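Novice: In our numbering, the protein residues as written are 341 to 643. For each residue, glycine too, the CB sits at the ideal point set by N, CA and C. Model, not experiment: these values are computed from the prediction.
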């Protein structure tokens with residue numbers, strides 16, 4: 341049996357079915373006072389755990405459960421604070437997946453509650469910021485090589501290997517510190533299991549000769565090495581062009597009126613026979629920058 345409800349206001353009514361000698365009744369409801377949310381929300385992927393300062397990213401699916409087109413504002417909250425909002429318009433029965441993001445800068449490591457809400461529905465998930473479980477950090481760093489030792493003024497180069505040991509893509513800032521003070525940085529984006537190398541540099545213009553501690557760090561890992569800034573080296577001269585080394589010369593004559601002129605420049609000794617009528621034995625020392633051996637031999641021969 342059926343009854344026409346056209347023109348009736350929403351509410352509760354009593355329906356009676358009767359015969360000539362008996363009847364039965366039931367309460368019926370006309371109208372939809374609250375059948376559920378009009379924009380139903382569910383959370384899909386979420387990038388937890390994350391490191392402090394790394395953005396939180398939440399994929400949420402929104403479904404319009406009504407038979408008319410609607411527009412609502414979808415919000416992302418972290419422990420009650422709104423981080424992001426997106427306006428969504430959906431036709432009857434339509435659904436859409438959106439990504440909501442939020443900044444975690446300044447938050448201490450720990451567990452937090454994220455909430456995605458429409459105007460009449462919401463859903464929550466717990467995320468973790470920081471590494472509280474003792475597991476390996478998501479991004480590890482290691483120092484491969486350096487150009488140590490360097491002289492004052494020569495740039496110090498540190499080659500580092502960066503590896504993402506997690507199962508999600510991540511972007512992190514890698515810093516180089518010299519004796520605890522940051523001197524260079526770079527940003528890397530790595531997929532799950534990916535690795536890359538980066539060369540970080542430090543100026544040595546104001547450094548005194550000695551040993552220094554360099555540190556390469558990601559958000560959750562760091563590694564160190566000892567480098568040396570050496571004394572400036574003095575390049576030895578070649579004798580003919582005026583170096584700083586000492587050159588010794590000795591002129592020796594015997595009774596047969598023959599003599600030998602010997603010169604020593606570092607580890608090299610030059611000798612030349614010289615003829616002279618007078619006996620002489622002359623020895624001396626002079627700077628290599630002030631001596632011309634060929635002229636010396638010619639002058640000695642003429643004399």
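1) Can you list, in chain order, the residues of its chain whose CB lies under 8 Å from that of residue 571, leaving out five sequence neighbours each side?
2) If you draw a straight line from the C-alpha of residue 458 to the C-alpha of residue 343, how long is it?
3) What does the Cβ neighbour count give for residue 555, buried or exposed, with the cut at 16 atoms within 10 Å?
4) Decide if residue 366 is buried, meaning its Cβ has at least 16 other Cβ atoms within 10 Å, or exposed.
5) At what residues does the beta strand (DSSP E) containing residue 391 begin and finish?
6) Determine the direct distance from the alpha carbon of residue 524 to that of residue 518, and round the result to whole angstroms.
7) Could you give the residue range of the beta strand (DSSP E) that holds residue 522?
8) By Cβ distance below 6 Å, which residues in the same chain neighbour residue 417 in space, the five residues on each side in sequence not counted?
9) Using alpha carbons as the reference points, say which of 436, 503, 551, 395 lies closest to residue 424.
10) So within the segment 422-482, which uninterrupted beta strand (DSSP E) runs reach at least 3 residues, ignoring any that extend past its ends?
11) Which residue wins for smallest C-alpha separation from residue 563, given the options 515, 545, 357?
12) Who are the Cβ neighbours of residue 410 in its own chain at under 8 Å, not counting the five residues just before and after it?
13) Does DSSP put residue 369 in a helix, a strand or coil?
14) If you follow the beta strand (DSSP E) that residue 343 is part of, which residue opens it and which one closes it?
15) Can you tell me whether residue 685 is buried or exposed? The criterion is at least 16 other CB atoms within 10 Å of its CB, across all chains shown.
16) According to DSSP, simplified to helix, strand and coil, what is residue 487?
17) Expressed to the nearest angstrom, what Euclidean distance is found between the alpha-carbon atoms of residue 481 and residue 568?
18) Does DSSP classify residue 557 as helix, strand or coil?
19) Which same chain residues, not among the five before or five after residue 433, have their C-beta less than 7 Å away from its C-beta?
20) Measure the CB-CB distance between residue 398 and residue 351 and report whether it falls below 9 Å.
21) Among the candidates 436, 420, 520, whose CA atom is the shortest distance from the CA of residue 426?
22) If I follow the unbroken beta strand (DSSP E) through residue 540, where does it start and stop?
23) Mapping DSSP to helix, strand and coil, what is residue 384?
24) With a 10 Å radius around its C-beta and 16 neighbouring C-beta atoms as the bar for buried, classify residue 469 as buried or exposed.
25) Taking the DSSP output, what are the residues bridged to residue 510?
Specialist: In brief:
1) Answer for residue 571: 491, 549, listed in chain order.
2) Taking the straight line from one Cα to the other gives about 37 Å.
3) Classification of residue 555: buried, given that the 10 Å Cβ count is 16 or more.
4) Exposed, since its Cβ has fewer than 16 Cβ neighbours within 10 Å.
5) Taken as a continuous stretch (DSSP letters only), residue 391 belongs to no beta strand (DSSP E), as it is neither H nor E.
6) Taking the straight line joining both Cα atoms gives about 9 Å.
7) Here the beta strand (DSSP E) through residue 522 covers 521-530.
8) 455, listed in sequence order.
9) Checking every option, the nearest Cα to that of residue 424 belongs to 395.
10) Runs found: 435-442, 450-457, 462-469.
11) It is 515 whose Cα lies nearest to the Cα of residue 563.
12) Within the same chain, residue 410 has close Cβ partners 378, 379, 404, 429, 430.
13) Reduced to three states, the DSSP call for residue 369 is strand.
14) Premise fails: residue 343 is in no beta strand (DSSP E) and is neither H nor E.
15) Since the first and last residues shown for the chain are 341 and 643, residue 685 lies out of range.
16) In the structure shown, residue 487 sits in coil (DSSP, three-state: anything other than H, G, I, E or B).
17) Distance between the alpha carbons of residue 481 and residue 568 is about 21 Å.
18) The answer is strand: DSSP assigns residue 557 an E or B state.
19) Apart from the 5 residues on each side of it in sequence, residue 433 sits with its Cβ closer than 7 Å to the Cβ of 404 in its chain, given in chain order.
20) The answer is no: Cβ separation not under 9 Å.
21) If you compare the alpha carbons of 436, 420, 520 with that of residue 426, the shortest gap goes to 436.
22) Looking at the DSSP string, the run of the beta strand (DSSP E) that includes residue 540 is 535-542.
23) The three-state reading of DSSP puts residue 384 in strand, counting E and B together.
24) That one is buried.
25) 530.
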